[in-house]
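Note that the protein sequences, when read in sequence, are chains A and B.
For the first sequence, the numbering used here assigns the number 96 to the initial residue and increments by one for each residue that follows.
For the second sequence, the numbering used here assigns the number 96 to the initial residue and increments by one for each residue that follows.
2 protein chains.
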Amino acid sequence: MLTRSIAPSLNVNRAAPGAFGPVEPFFGLTGHAGLIATEFTYRKDEEIYGEDEPAEYVYQVVRGAMRTYKLLSDGRRQIGAFHLPGDVFGLESGTKHRLAAEAIIDSTVRLVKRRRLEHAAGTDVRVAHKLWTITADDLKRAEEHILLLGRKSAMERVANFLLEMDRRLTVAGTMALPMCRRDIGDYLGLTLETVSRALSQLNDEGVLGFSGARQIVLRNHQRLRNMDI
Amino acid sequence: MLTRSIAPSLNVNRAAPGAFGPVEPFFGLTGHAGLIATEFTYRKDEEIYGEDEPAEYVYQVVRGAMRTYKLLSDGRRQIGAFHLPGDVFGLESGTKHRLAAEAIIDSTVRLVKRRRLEHAAGTDVRVAHKLWTITADDLKRAEEHILLLGRKSAMERVANFLLEMDRRLTVAGTMALPMCRRDIGDYLGLTLETVSRALSQLNDEGVLGFSGARQIVLRNHQRLRNMDI
DNA sequence: CGGGTACTTGACTCTGGTCAAGATTTGTGG
DNA sequence: CCACAAATCTTGACCAGAGTCAAGTACCCG
C-alpha cells in the first residue's frame with residue numbers, strides 16, 4: 096500500500112500499524128482540539144523540510160524513521176534526533192524549523208497545521224500544556240545528548256546509543272537499525288569508522304551479535320550499561 | 096548591601112539594578128498571574144539546587160551569574176548553560192531538576208513557586224504560552240550547542256563562546272567573564288588548558304586583548320565570526 | 001547473479017588531553 | 001596598603017584517542 100512516487104503523496108487510508116501497533120494520533124490532541132490530521136508518505140532520503148524553512152506543519156511518525164539535523168557551511172552534519180513511530184517532530188514555538196528533517200527509510204507521517212495547533216492552544220489550556228511537555232521532553236533529551244557529546248568517550252557514546260535503540264526498537268530480542276553508520280556517527284559526534292570499530296569490538300567481546308550489519312542482538316545489557324557510565 | 100551569610104538569605108528590598116538595568120520580573124508573568132516573587136542571595140559556588148532534586152521553584156537571575164550542569168559518576172562535568180541577569184532557569188515541566196545549579200559569583204535571584212506558576216498556566220493561556228516559549232528557547236540553544244559539541248573544533252568552540260559572551264555581557268567595549276577557564280572548558284567540551292591555549296592564540300593574533308585573565312576586549316569580531324563557521 | 005552501496009579494517013596522522021612547572025592574579029590578614 | 005598565600009591561568013613536553021585515507025569485504029536490491 097506504500098506509495099512510491101518521488102513527490103510526497105497523500106495517503107487517504109489509515110496507515111497500517113507497524114511493529115509498534117497503531118499510533119495514537121498526536122496523543123489525542125487531534126481528538127479534543129478538533130484538529131484534522133493528514134497522512135503523507137516519504138521515500139528514503141526524502142526531505143520533509145529544510146533548516147530555517149517556515150514551520151507550517153507539525154508531524155508525527157506513523158511508520159518508518161526520520162532524522163533531524165543541522166549542517167555547517169563546509170558540510171559537517173550534526174543529527175539532533177532520530178524519530179520513530181509515535182514521535183512528534185517539527186514542533187516549533189517560533190515560525191521556522193531550526194533543524195532540517197529527512198526520511199531515513201520509506202516512511203509515513205501524520206501532520207497538522209501549526210497555526211491550528213497554536214490556535215487550539217490559545218483556547219484550551221490542555222493543548223497548551225501538551226505542547227509545553229512535548230517541547231520539555233525534547234529539551235530533556237537534548238540536555239542528556241549535550242552531556243554525551245561534551246564528556247563521553249567513543250565507546251560510551253556507542254553503548255548509550257545501543258541501549259537507547261534497544262529500548263525504542265527491539266522486537267523479539269533483535270534490533271533492526273534503520274540508519275547507516277554515517278547517520279549514527281553524525282548523531283554521536285563521531286566518524287562512521289569509529290562507530291564501526293566500536294561495534295566490531297563489542298561483537299568480539301560477545302556483548303552483541305550481528306545478523307547483518309543493521310540487525311543487532313544485545314547479549315549483555317549490563318556490560319553495556321557499565322560502559323555507558 | 097550584599098548579604099554574606101553561608102545560607103541563602105532573603106532579600107526584602109528590590110535588588111539594585113546591575114549593568115543590565117532593572118530586570119523585568121519573570122517577563123511580566125508575576126504581574127498578570129498574581130504571583131509573588133521573592134529574592135535570595137547566594138555566595139560564589141553555592142548550590143541553588145542539585146540534579147534530580149524536586150523542582151519546587153523557578154528562578155530568574157537578578158544580579159550575578161549561574162551555571163547549570165550534569166555530572167558523570169567519575170566526576171566529569173558538562174555545563175549546560177550559563178545564566179545571566181534576566182535569564183530564567185530551573186523551569187521544569189516534570190517534578191525534578193534535570194541539571195544542578197550553582198552561583199558562579201555572589202548572585203541574587205528572584206523566585207516563584209513552580210506549583211503557583213503551573214496553576215496560573217492552567218487558568219491563563221498567556222502564562223501557558225510563556226512557559227512554552229521559555230522552554231522552546233532553551234531547546235533552540237541546546238540544539239545549537241549540540242552542533243557545537245558534536246562537530247566544531249576547539250578554536251571554533253572558543254570563538255563561538257566569545258561571541259556569545261560578547262553579546263550577553265560586554266559593557267563599554269569590555270567583557271568581564273564571571274567564570275573560570277575550567278567552567279568554560281566544561282561548557283565547551285574541552286579542557287581548561289585547551290581553552291587557555293585558544294585564548295592565548297587569539298591574543299597573539301590580535302583578535303582580542305586581555306586586561307586580566309577574565310577581562311577581555313574583542314578587537315576583531317569579523318575574524319571571530321569567520322572562525323565560528 | 002551481478003553491481004553498487006554500505007561496512008569493516010589497517011596504517012598513519014593529528015588534534016586535543018594529560019601531566020608538570022612556572023607565572024599571574026586574587027584574596028586576606030597584619 | 002602591603003605582603004604573603006592560595007587559587008587561577010599559562011605554557012611546555014609528551015601521549016592517546018579519534019580522525020583520515022585507502023583497500024578490501026559484505027550485503028542488498030534489482
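Where a beta carbon is used, it is the ideal one built from N, C-alpha and C, also for glycine.
Remember, predicted model here, so these are calculated numbers, not experimental data.
Close CB contacts of D140(A) within its chain, under the 7 Å cut and outside five residues either way in sequence, are with E197 and A198 (chain order). For T228(A), a Cβ of chain B is located within less than 8 Å of the residue's own Cβ.
Cβ-Cβ separation between T230(B) and T163(A): approximately 18 Å, too far for a contact (criterion under 8 Å). Following the DSSP letters along the chain, one finds M161(A) in no alpha helix (DSSP H) but inside the beta strand (DSSP E) bounded by residues M161 to L166.
Not flagged as an interface residue toward chain A: S291(B), since no C-beta distance is shorter than 8 Å. Between A237(B) and I241(A), the beta carbon gap of about 6 Å places them in contact (Cβ cut-off 8 Å).
One alpha carbon belongs to I200(A), the other to F184(A), and they sit about 16 Å apart. A Cβ-Cβ separation of about 4 Å places R246(B) in contact with R171(A) under the 8 Å criterion. Approximately 6 Å separates the beta-carbon atoms of E134(B) and T203(B); this is inside 8 Å, confirming the contact.
In this model, R320(A) and L313(A) are separated by some 11 Å (Cα to Cα). Residue-level contact by beta carbon fails for S295(A) and chain B, as no gap is shorter than 8 Å.
Going by beta carbons, E146(B) and K165(B) fall inside the 8 Å limit.
At least one CB of chain A lies nearer than 8 Å to the CB of E238(B).
Contact annotation: in the segment 140 to 173 of chain B, residues whose CB is within less than 8 Å of a CB in chain A are K165, L167, S168, D169, R171, R172 and Q173. For L206(A), the uninterrupted beta strand (DSSP E) segment begins and ends at S202 to K208. For R193(B), at least one C-beta of chain A is nearer than 8 Å to its own C-beta. The criterion of a C-beta distance shorter than 8 Å is not satisfied by A249(B) and L287(B). Boundaries of the alpha helix (DSSP H) around L319(A): H316 to D323. Residue contact with chain B for H178(A): absent (no Cβ-Cβ distance below 8 Å to any residue of chain B). Residues of the segment 235 to 261 of chain B whose Cβ lies closer than 7 Å to any Cβ of chain A, in chain order: K235, A237, E238, H240, I241, L242, L244, G245 and R246. Contiguous alpha helix (DSSP H) elements confined to the segment 171 to 257 of chain A occur at 209 to 218 and 220 to 246, taking only those with 4 or more residues. At a cut-off of 8 Å between beta carbons, G284(A) contacts chain B. For the pair of segments examined, the segment 206 to 214 of chain A was found not to touch the segment 204 to 211 of chain B: the number of CB pairs separated by less than 8 Å stays below three. Sorting Y144(B), V266(B) and D219(B) by C-alpha distance to the C-alpha of M161(B) places Y144(B) at the top. Counting along the chain, I279(A) sits inside no beta strand (DSSP E); it lies in the alpha helix (DSSP H) bounded by residues R276 to L283.
Shown here for L244(A): same chain residues with a beta carbon closer than 6 Å to its own, the five before and five after excluded, namely G284 in chain order.
The beta-bridge partner set that DSSP reports for L303(B) consists of L313(B).
A254(B) has its alpha-carbon roughly 37 Å from the corresponding atom of A132(B).
Contacts between A231(A) and chain B, judged by CB atoms closer than 8 Å, involve E187, S188, G189 and T230 in chain order. In terms of CA proximity to F121(B), Q155(B) leads the group G217(B), E148(B), Q155(B) and P180(B). Neighbours of I324(A) in chain B, taken as residues whose beta carbon is under 9 Å from its own, are L167, S168, D169 and R171 in chain order. Using a CB distance cut-off of 8 Å, A223(B) counts as an interface residue toward chain A.
Within 10 angstroms of the beta-carbon of G304(B) lie fewer than 16 other beta-carbons, which makes it exposed.
Annotated three-state conformation of T289(A) is helix, per DSSP. For V207(B), there are no C-beta contacts with chain A under 8 Å, since the nearest C-beta of that chain is about 17 Å from it.
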